[in-house]
Every structure is written in C-alpha cells, then in structure tokens.
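Protein chains in written order, with our numbering: chain A, 25 to 325; chain B, 25 to 325; chain C, 25 to 325.
The beta carbon of each residue, even a glycine, is placed where N, CA and C say it ideally should be.
None of these values were measured; they are calculated from a predicted model.
Notes to accompany the following structure.
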Amino acid sequence: MQQAPRITLAPGGPDFSRVVLGLWRLAEWQRTPAQRLLLVEQAIALGVTTIDQADIYGGYTSEALFGEALALSPGLRQQLQIVSKCGIRLVHPNRPAHGVKHYDTDRAHLIASVEHSLRMMGTDYLDLLLIHRPDPLMDADEVADAFDQLRRDGKVRYFGASNFTPTQFALLAARFPLVTNQVELSLLHLPPLDDGTLDQAQQLRCAPMIWSALGGGRLFSDDSAQVRRVRAKLAQIAASRGVTPAVIAYAWILRHPSHPLVLTGSGRITAIAEAVAATRIVLTREEWFALWCASRGSEVA
Amino acid sequence: MQQAPRITLAPGGPDFSRVVLGLWRLAEWQRTPAQRLLLVEQAIALGVTTIDQADIYGGYTSEALFGEALALSPGLRQQLQIVSKCGIRLVHPNRPAHGVKHYDTDRAHLIASVEHSLRMMGTDYLDLLLIHRPDPLMDADEVADAFDQLRRDGKVRYFGASNFTPTQFALLAARFPLVTNQVELSLLHLPPLDDGTLDQAQQLRCAPMIWSALGGGRLFSDDSAQVRRVRAKLAQIAASRGVTPAVIAYAWILRHPSHPLVLTGSGRITAIAEAVAATRIVLTREEWFALWCASRGSEVA
Amino acid sequence: MQQAPRITLAPGGPDFSRVVLGLWRLAEWQRTPAQRLLLVEQAIALGVTTIDQADIYGGYTSEALFGEALALSPGLRQQLQIVSKCGIRLVHPNRPAHGVKHYDTDRAHLIASVEHSLRMMGTDYLDLLLIHRPDPLMDADEVADAFDQLRRDGKVRYFGASNFTPTQFALLAARFPLVTNQVELSLLHLPPLDDGTLDQAQQLRCAPMIWSALGGGRLFSDDSAQVRRVRAKLAQIAASRGVTPAVIAYAWILRHPSHPLVLTGSGRITAIAEAVAATRIVLTREEWFALWCASRGSEVA
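Here it is, written out as structure tokens:
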C-alpha cells in the first residue's frame with residue numbers, strides 16, 4: 025500500500041505527513057467513537073499521521089469527538105501529530121457569552137483555548153498551534169509571550185499562522201519562530217501563487233499547509249465555465265495517468281516548489297487515499313500549466 | 025482633569041502626547057493671536073503638548089499664524105513638541121512660481137522648507153519633520169542626506185513620513201532612521217488595517233500618527249448606509265459608556281496594538297477633550313469588532 | 025555626436041550603456057546580415073553597446089540573426105554587453121515538442137537555453153541572463169544552482185529577472201545575487217511607480233531595465249483620451265526644449281531616482297538616437313509631474 029511521505033515543516037521544525045487528515049467536518053459525519061477511531065487507524069495505515077483540528081470546528085465539538093476516539097486506543101497519540109487552532113470566537117450556543125463573532129489573540133484567550141483543546145482531545149500537548157485568522161488587534165509581542173509560555177509548559181511544540189498575508193506573517197515571525205502558514209490554494213483559488221504568500225513560504229523555507237485543495241468540493245459539483253474548463257482538463261490528465269481527477273487536483277498543489285502539505289476534508293478513507301496517491305505523481309510542467317491556464321481562462325503571458 | 029498620556033514614538037524616538045493638536049484648519053478659524061494662544065494653552069492643560077503643522081496648511085499661512093501666538097508667550101515653546109511637514113508644492117497665490125501642483129523631496133527644497141517653517145513659527149527647531157506624501161521621484165539617498173544635515177544643524181530632531189506605503193517607508197528607513205508614518209485611519213477608512221501599513225508600524229515599533237480619525241467629519245454628517253451603520257453602533261456604545269460617539273471613534277483607533285497617536289482637527293477645546301477622554305477607554309474586543317463590522321457591512325470571516 | 029552614458033547596474037555589477045539596443049523585433053526588420061551589422065555599429069557609435077535579446081524573440085530566430093551579423097566582424101563582441109533571457113517555452117514550429125505555452129525555470133532548461141543562445145549568437149558568454157517571466161513553479165534553490173553553474177563555467181557573468189513582483193524578486197535575490205529587474209514602465213504603464221517595484225530597485229540599488237518605454241508605439245498611434253492628453257503634454261515640452269516628443273518620453277523614465285536603463289525597440293538608428301538624446305535632458309519636476317498627471321487624468325493628492 026502506498027504511504028504518504030513525510031516532510032519537515034521548516035528548518036528545526038516538526039516532521040509531518042505530507043497528507044494531513046482534516047477533521048473540520050468530523051461532527052457532520054455522525055459516527056460512533058469506534059468508527060472515528062477506525063478512520064484514524066486507516067489514515068495511519070496510509071502514512072497520514074498528522075491531524076488538523078481547531079477549537080471551533082463543529083461548533084466547538086470536533087476536538088471532543090476526536091478525543092473520544094483517541095481514548096479508545098491508549099498509545100495511539102504517540103503515532104500522531106496533532107495540529108489545532110485558536111483565535112476565533114464564534115457566536116454559538118456552546119459559547120453563550122459571545123455576542124459578536126470576532127477574533128481574539130489576547131494571551132489569556134490563547135492559553136485558555138489551548139488548555140481547553142488539550143482537555144477535549146485528552147492529550148498533553150499539541151504538535152502545532154496556529155492562529156486561525158489574522159486579527160487586526162493582534163499584539164505580536166503578546167502572542168509571542170503566550171507562545172513562549174505554552175512551549176515552556178510543554179503544551180505546544182511548534183507554532184504557526186493560518187490565512188495570514190505576507191506582512192502579517194512577517195510581523196509575527198519577527199517576534200517568534202513560525203513553521204507554517206496554513207492557507208487556501210486550489211485550482212479554484214489561485215491568489216497565493218502571485219500575491220507573495222508562497223514566495224514568502226519558499227523564502228523562509230516554511231512549508232505551507234493547504235486547505236480546500238478541492239475548492240471545498242466545488243471542483244466536482246459546480247457548473248461554472250471555469251470549473252468546467254478545469255474539470256475537463258483534470259479528466260484528460262487523470263485518464264492518461266490512470267488515476268482519478270481528484271488525485272490530479274492534489275498533485276497540482278503538491279507540485280509547487282514551496283513543498284506544500286495538503287489537508288483532506290473527507291471522512292471516506294478512499295478520498296484520503298487519493299491525496300496519498302497524489303504524492304507519487306509529479307505533474308509535467310505542461311500538465312501543470314494547462315490546468316493553471318484552464319482555471320485562469322487564458323494562456324501564460 | 026483628564027490628561028493625555030505620553031508615548032515614545034520608536035525606540036530612541038521622541039516622547040509625544042498621545043493626542044496631537046492638528047492645526048491644518050487654523051487659518052479657517054479666523055482667530056486673533058491671543059485666541060490662538062488660548063487654544064494652545066488649553067490643549068497643554070489637557071496634556072496635549074504635541075502640535076501638527078505643515079508648510080502648506082492654510083495656503084502656506086498656518087505656521088505663521090501659530091508663530092504669532094507662540095510669540096505672545098516666551099517659554100511656551102519648551103512645553104511643546106512641534107511636528108511639521110514638507111514635500112508638496114501647491115499652486116497658490118502665496119507661491120506664484122509654482123505652475124503645477126507637485127511633490128518635491130529634493131535636498132534643497134527640504135532644507136529651504138524647514139528653514140521657512142522655523143522662521144514662520146519663530147522657533148529654532150522642529151521636534152519631528154515628515155515627508156508629506158510619497159514622491160515618485162524621491163531619491164532616498166538625497167533625502168537621507170538632507171535629514172542628516174538638518175539634524176546636525178540642530179534644526180530637526182526626528183524624522184518620518186506621511187501617507188507612505190510599506191515599500192516606500194522601507195526604502196527611506198533603509199537609508200535613515202524614521203520614527204513614524206502619519207497615515208489616515210478611521211471607521212470610514214480601513215485599508216491600513218490589512219494593507220501592511222500597521223503591520224509594518226508594529227514590526228518596526230514605530231507608533232503611527234493617525235489623521236482624519238473622524239473621517240474629516242463625515243462620520244457625523246454623511247447619510248450613506250455605511251456611515252449610518254457606524255453611527256448607530258457608535259451611539260450605542262457611547263450611551264453604554266456615558267461618553268460621546270466621537271470619544272468612541274477615537275478609542276476605536278487607540279485600541280490598535282501599534283500604539284497610534286491621534287490628531288484632532290477642531291479648534292474647539294471640547295472637541296480636543298473628547299480625544300483625550302478616549303485615551304482612558306479601552307474598548308472590549310466585541311465593541312471594536314462590532315464597529316469594524318458595521319463599517320465593512322459584513323461579519324468577520 | 026552625443027553618446028549614451030554608462031551605468032553600473034548594482035554594487036559589484038556590470039557596466040552597461042544607459043540606452044540598450046532591444047532586438048525583439050529583429051526578425052521583422054527583414055535585413056541582410058550586413059545591414060544588421062551596420063545597425064549595431066551605428067549603435068556603438070552612439071555609445072549604445074548593450075544588446076537585449078531573448079531565446080524566444082522572433083520565434084527563436086532573433087539570436088541567430090544577430091549572431092550572423094556578429095560573425096561578419098571579429099572583435100565586435102568585446103565592445104558589446106549582451107543580455108539574453110530564458111524561461112518561457114513557446115508553442116512554435118521551431119519547437120515542435122511544446123504542446124502548451126508555459127514557463128520553465130528548471131535547472132536543465134536554463135542551462136540548455138543559455139548554451140543554445142551562446143551557439144546562436146556565436147559567443148562564449150552572456151554578460152547578463154534574465155529569467156524572462158515569473159514562474160509560479162520556480163524553485164529558487166534550483167535556479168540559484170543553475171546560475172552558479174553557469175557562472176562557474178564562464179557562460180554567464182551576471183544574473184537578474186524580468187517582470188518579477190517585489191516578493192518574487194526578493195525570493196530569488198535571497199538565494200543568488202541579482203543585478204536588475206527588467207520591467208515595463210512608460211507614460212502608459214505607471215504601476216511600477218507605486219506597487220513597490222521601483223522602491224525595491226532603489227532600496228537594493230539594482231538599476232531597473234525598462235521595456236516598452238514608448239508603450240509599444242501606442243504613445244504615438246492610439247487615440248484614447250489618455251494618450252491624447254499625454255501626447256499633447258509631450259508635444260508642448262518637446263517644443264519648448266527643441267527635441268522630439270519621443271525624446272521627452274524617454275527622459276521622463278530616465279528621470280527616476282532608481283537610475284533606469286531604457287531599451288529601444290526600433291531598427292532605425294534615428295529612433296535609437298532619440299533615446300540617447302534623452303540622456304542629456306533632465307526634466308524639471310514640473311515637467312515630470314505634468315506628464316504623470318496627464319497620464320493619470322488627475323492632479324497629485
């Protein structure tokens with residue numbers, strides 16, 4: 025069976041599987057703890073040992089659902105690398121005190137959020153903590169101070185950001201070492217290729233983590249002219265290589281020289297296996313550019 | 025009486041009042057020298073000791089009007105920090121040689137402009153000189169040379185820029201130490217929050233100076249959907265805190281982690297006192313984000 | 025006869041003529057080898073000793089056409105500085121293997137492309153090699169490795185980029201010393217003045233090379249409102265200085281403090297002489313800003 029390769033996120037950074045099991049929809053899957061455990065075990069069998077979580081997923085329930093599964097298998101934690109996020113406060117029945125959806129990167133909130141994540145997942149530490157969204161009120165010194173405290177207490181091993189612009193990332197990285205920026209990239213979302221996001225990732229040697237690699241599913245459901253162009257080209261390349269179009273969509277991202285990791289979003293192990301299969305495919309430049317041009321609707325300049 | 029707190033603009037930089045008396049409309053106020061002196065003395069009583077000027081204000085008349093007031097009170101100068109600007113050449117009856125409004129950051133113009141400002145205000149030095157607008161023809165080495173000369177001659181103590189983009193500021197800062205970028209920010213002008221301007225200010229620890237904090241008055245006069253949304257939210261928060269909406273509008277800016285200074289634009293001491301009152305208020309995150317969302321017309325992502 | 029001055033492109037960089045003979049239309053000119061040689065000799069007489077080429081010009085024919093001319097005059101090579109580019113693969117009868125127009129900055133392609141350029145032009149080395157367009161798949165380490173190999177083999181003396189954004193340029197410059205970014209700038213293409221491109225050039229002291237200085241000829245042929253405004257102002261300034269409008273259009277670019285070099289695009293020596301004449305003219309600030317405002321359709325802020 026094919027196994028996902030591993031990658032070091034940044035110089036001195038952690039060693040993760042190149043394919044990451046994203047659990048933001050875990051609550052929607054309506055599974056028993058044993059079924060959730062099975063998915064994780066099947067992922068591990070594919071070499072997908074890195075788990076992506078956030079405090080807010082599933083309306084603040086996803087981490088606990090994952091923790092229930094972990095509790096069924098003592099020793100499983102050591103085989104995993106767990107990523108979680110904080111910094112968003114949702115208006116939600118599970119957080120009745122919140123009156124307005126907002127961001128919060130205050131020291132107290134970051135530390136309390138991590139401690140809550142650890143309790144929910146039944147683990148002593150996170151491998152990686154990300155600030156979920158750029159907070160216009162982020163005090164970089166205060167975040168660095170919170171990160172430092174979390175690291176010294178052994179609660180979090182590495183730190184990063186998500187959805188940060190290059191200047192936001194540069195600001196926080198100037199105060200504390202970051203290992204990744206988790207950003208959206210897909211054949212339906214091209215801006216990181218030329219807005220500086222991936223240039224910065226490559227310059228700092230911080231491998232980006234990519235969310236929504238399949239456009240949140242739109243790649244295989246929408247009927248716009250753009251999506252139809254991309255889908256036709258994916259189908260053609262997939263057929264020539266004897267794989268599914270989703271494999272090619274993941275391979276298109278993995279081809280980038282910033283060495284991106286890809287998150288999956290599905291609860292079906294066959295869908296996760298498609299991302300793993302993509303790690304064995306290196307698209308030719310003509311294939312890669314044909315897809316890029318299909319998305320843009322124009323040839324290169 | 026409440027007093028404006030003080031702040032150091034940058035490491036090794038000057039110590040200014042957090043609220044700055046902006047005099048760009050001084051000529052419009054049609055006051056006698058004694059009345060102008062009274063306003064400055066009332067401001068000082070509020071801790072507002074920093075004055076914001078520019079060569080061009082009032083069609084090249086504002087500095088002289090201020091100088092007339094200063095001359096009435098020997099010794100007042102030592103209680104003040106005076107900021108002025110140069111680098112714009114207006115087409116104006118007071119400058120008959122100018123045929124086209126343009127920018128000028130040539131060494132000779134910068135030095136001559138400062139010397140003129142000093143004569144008009146009757147002072148020996150400026151505490152801070154700002155390049156008023158980014159000049160596409162700015163030779164950073166030449167500006168640095170002019171700054172160095174002005175500093176060595178004791179005519180200007182610190183230097184900065186105004187309305188510079190992050191790359192323009194980085195260019196000049198690479199040649200000469202700058203302490204601030206004076207930029208527009210208000211609930212009606214949000215770009216600096218995510219275009220890199222305030223990220224850079226925070227990263228370089230250069231406290232920004234903020235002009236048009238009340239949107240040039242539009243915040244309380246316009247009738248657009250955006251302004252009505254913002255005004256309603258300001259009114260609600262102001263009522264709950266027992267202050268005026270303008271106090272909240274200033275507090276919204278002062279909440280930013282880059283430690284902004286705010287300029288006032290009014291000649292009424294009660295209006296200036298509103299900015300001073302704002303320095304005692306720390307908006308909650310929910311208040312701050314509710315205002316941000318009211319301006320944007322959408323909740324956070 | 026006026027001669028083009030010389031300029032060092034970057035600290036430790038090469039010494040080029042400020043006016044550069046651009047040969048991207050050489051194939052269109054339909055000239056004999058002797059006629060091509062004559063043009064080069066006439067350019068040299070004007071001090072225009074730097075030649076701008078690219079592998080793809082003329083559908084992969086321009087370098088060979090130039091090489092035929094060079095071969096007629098042994099010893100001419102030493103008087104010239106030759107710039108070429110690589111990194112684009114055209115779909116063209118001369119490259120039947122190409123199925124999709126795309127970029128290629130792989131090590132093997134860069135080295136093979138340079139070796140082909142050298143053979144076509146009959147020379148042992150390039151003075152400067154540029155990556156023709158930003159390649160989203162550029163691995164900066166791999167490009168740096170290729171550059172290093174080319175330099176050690178004596179095949180290329182200096183390196184740069186073309187049409188790179190500031191973050192793309194910063195990425196590659198972090199891995200290998202670059203001496204220039206060749207970009208488009210003209211009275212009909214203003215973005216580099218405020219998108220950070222020329223700020224970066226000035227900050228890094230890398231003189232930019234400017235292509236399409238006359239808007240690809242549109243400056244003297246189009247009938248849009250913008251072009252008519254610019255043309256009227258060019259005509260007025262040209263008349264007052266006793267030169268042609270094209271001289272003023274070049275002088276407008278040469279006035280920039282980043283010390284740009286300008287490429288010509290014409291095969292007429294009189295047109296090249298206009299660029300050379302521009303190097304003797306320093307526009308006043310009022311002239312420069314009047315042209316900028318004519319292009320923008322508004323006065324400065």
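(message) Closer than 8 Å between beta carbons: that is the criterion. Which residues of the region 292-318 of chain B meet it against chain A?
(response) 309, 310, 312, 313, 314, 316, 317
(message) Can you check whether the C-beta of residue 281 of chain A is within less than 7 Å of a C-beta belonging to chain C?
(response) yes
(message) Run through chain B and tell me which residues come within less than 7 Å of residue 126 of chain A, C-beta to C-beta.
(response) 309, 310, 313, 324
(request) Closer than 8 Å by beta-carbon distance: list the chain A residues that pair up with residue 174 of chain C, in chain order. (result) Residues of chain A passing the Cβ test: none, with the nearest at roughly 20 Å.
(message) Give me, in chain order, the residues of the same chain whose beta-carbon lies closer than 6 Å to that of residue 126 of chain C; leave out the 5 immediate sequence neighbours on both sides.
(response) 113
(request) Tell me, please, whether the CB atom of residue 123 of chain B is closer than 7 Å to any CB atom in chain C? (result) yes
(message) So that I know if they touch, is there some Cβ in chain B lying closer than 7 Å to that of residue 224 of chain A?
(response) no
(request) Give the straight-line distance between the Cα atoms of residue 258 of chain A and residue 316 of chain A, rounded to the nearest whole angstrom. (result) 11 Å
(request) Reducing DSSP to helix, strand and coil, say where residue 184 of chain A ends up. (result) strand
(message) Does residue 322 of chain B come out as helix, strand or coil in the three-state DSSP assignment?
(response) coil
(request) State the Cα-Cα distance for the pair residue 313 of chain A and residue 124 of chain C, rounded to the nearest angstrom. (result) Pairing residue 313 of chain A with residue 124 of chain C, the inter-Cα distance amounts to about 8 Å.
(request) Say whether the region 52-65 of chain C touches the region 167-180 of chain C, bearing in mind that this needs 3 or more beta-carbon pairs closer than 8 Å, one atom from each stretch. (result) Result no; under three Cβ-Cβ pairs closer than 8 Å.
(request) Report yes or no: is there a C-beta of chain C within less than 7 Å of the C-beta of residue 220 of chain A? (result) It does; some Cβ of chain C falls within 7 Å.
(message) For residue 326 of chain C, report the span of its beta strand (DSSP E) as first-last.
(response) Nothing about residue 326 of chain C can be read from this structure; chain C reaches only from 25 to 325.
(request) Buried or exposed for residue 251 of chain A, please, with buried defined as at least 16 other CB atoms from any protein chain shown within 10 angstroms of its CB. (result) buried
(message) Could you give the first and the last residue of the continuous alpha helix (DSSP H) run that contains residue 276 of chain B?
(response) 269-278
(request) Give a yes or no on whether 7 Å exceeds the smallest Cβ distance from residue 212 of chain A to chain C. (result) no
(request) Closer than 7 Å, Cβ to Cβ, to anything on chain B: give me those residues from the region 191-202 of chain A, in chain order. (result) Flagged, chain order: 191, 192, 194, 195, 198.
(message) Does chain C have any CB closer than 7 Å to the CB of residue 217 of chain A?
(response) yes
(request) With DSSP as the reference, please indicate the residues paired to residue 39 of chain C in a beta bridge. (result) DSSP lists C:32 as the beta-bridge partner residues of residue 39 of chain C.
(request) Kindly indicate which residue of B:230, B:129, B:213, B:134 has the alpha-carbon position closest to the one of residue 158 of chain B. (result) If we check each option's Cα against that of residue 158 of chain B, B:129 comes out closest.
(request) Output yes if chain B places a C-beta closer than 7 Å to the C-beta of residue 76 of chain A; else output no. (result) Contacts with chain B at 7 Å (Cβ-Cβ) do not include residue 76 of chain A.
(message) Within the continuous alpha helix (DSSP H) that includes residue 206 of chain C, where are the two ends?
(response) Careful: residue 206 of chain C lies outside any alpha helix (DSSP H), inside the beta strand (DSSP E) at 205-208.
(request) Taking residue 223 of chain C as part of the alpha helix (DSSP H), name the residues at either end of that continuous run. (result) 221-228
(message) Does residue 327 of chain B pass the burial test, meaning 16 or more other C-beta atoms within 10 Å, or should it be called exposed?
(response) This structure cannot settle anything about residue 327 of chain B, because the visible part of chain B is limited to 25 through 325.
(request) Return the chain-ordered list of same chain residues with a C-beta closer than 8 Å to the C-beta of residue 192 of chain A, the five sequence neighbours on each side being excluded. (result) The answer, listed in chain order, is 158, 162, 185.
(message) Residues of chain E with CB closer than 9 Å to the CB of residue 157 of chain C, please, in chain order.
(response) In the displayed structure, chain E is absent; the protein chains listed are A, B and C.
(message) Can you check which of these residues, B:223, B:229, B:230, B:270, is closest to residue 245 of chain B by C-alpha distance?
(response) B:270
(message) Is there a C-beta anywhere in chain B that falls below 7 Å from the one on residue 227 of chain C?
(response) yes
(message) Tell me which residues share the same chain as residue 199 of chain B and place their Cβ nearer than 8 Å to its Cβ, disregarding the 5 neighbours each side in the sequence.
(response) Cβ neighbours of residue 199 of chain B beyond the five flanking positions: 164, 165, 167, 168.
(message) Pop quiz: residue 74 of chain C and residue 107 of chain C are said to be a contact at Cβ under 8 Å. What is the actual Cβ separation, rounded to whole angstroms?
(response) Right, the Cβ-Cβ distance comes to about 7 Å (below 8 Å), so this counts as a contact.
(request) Kindly indicate if chain B contains any beta-carbon less than 7 Å away from that of residue 328 of chain A. (result) Any answer about residue 328 of chain A is impossible in this case: the structure gives chain A only from 25 up to 325.
(message) Taking CB distances under 7 Å as the criterion, tell me whether residue 117 of chain B reaches chain C.
(response) So no, residue 117 of chain B is outside the interface.
(message) Beta carbons nearer than 9 Å to chain A: which residues of the region 138-152 of chain C have them?
(response) none
(request) Give a yes or no on whether the minimum CB-CB distance between residue 98 of chain C and chain A is below 7 Å. (result) no
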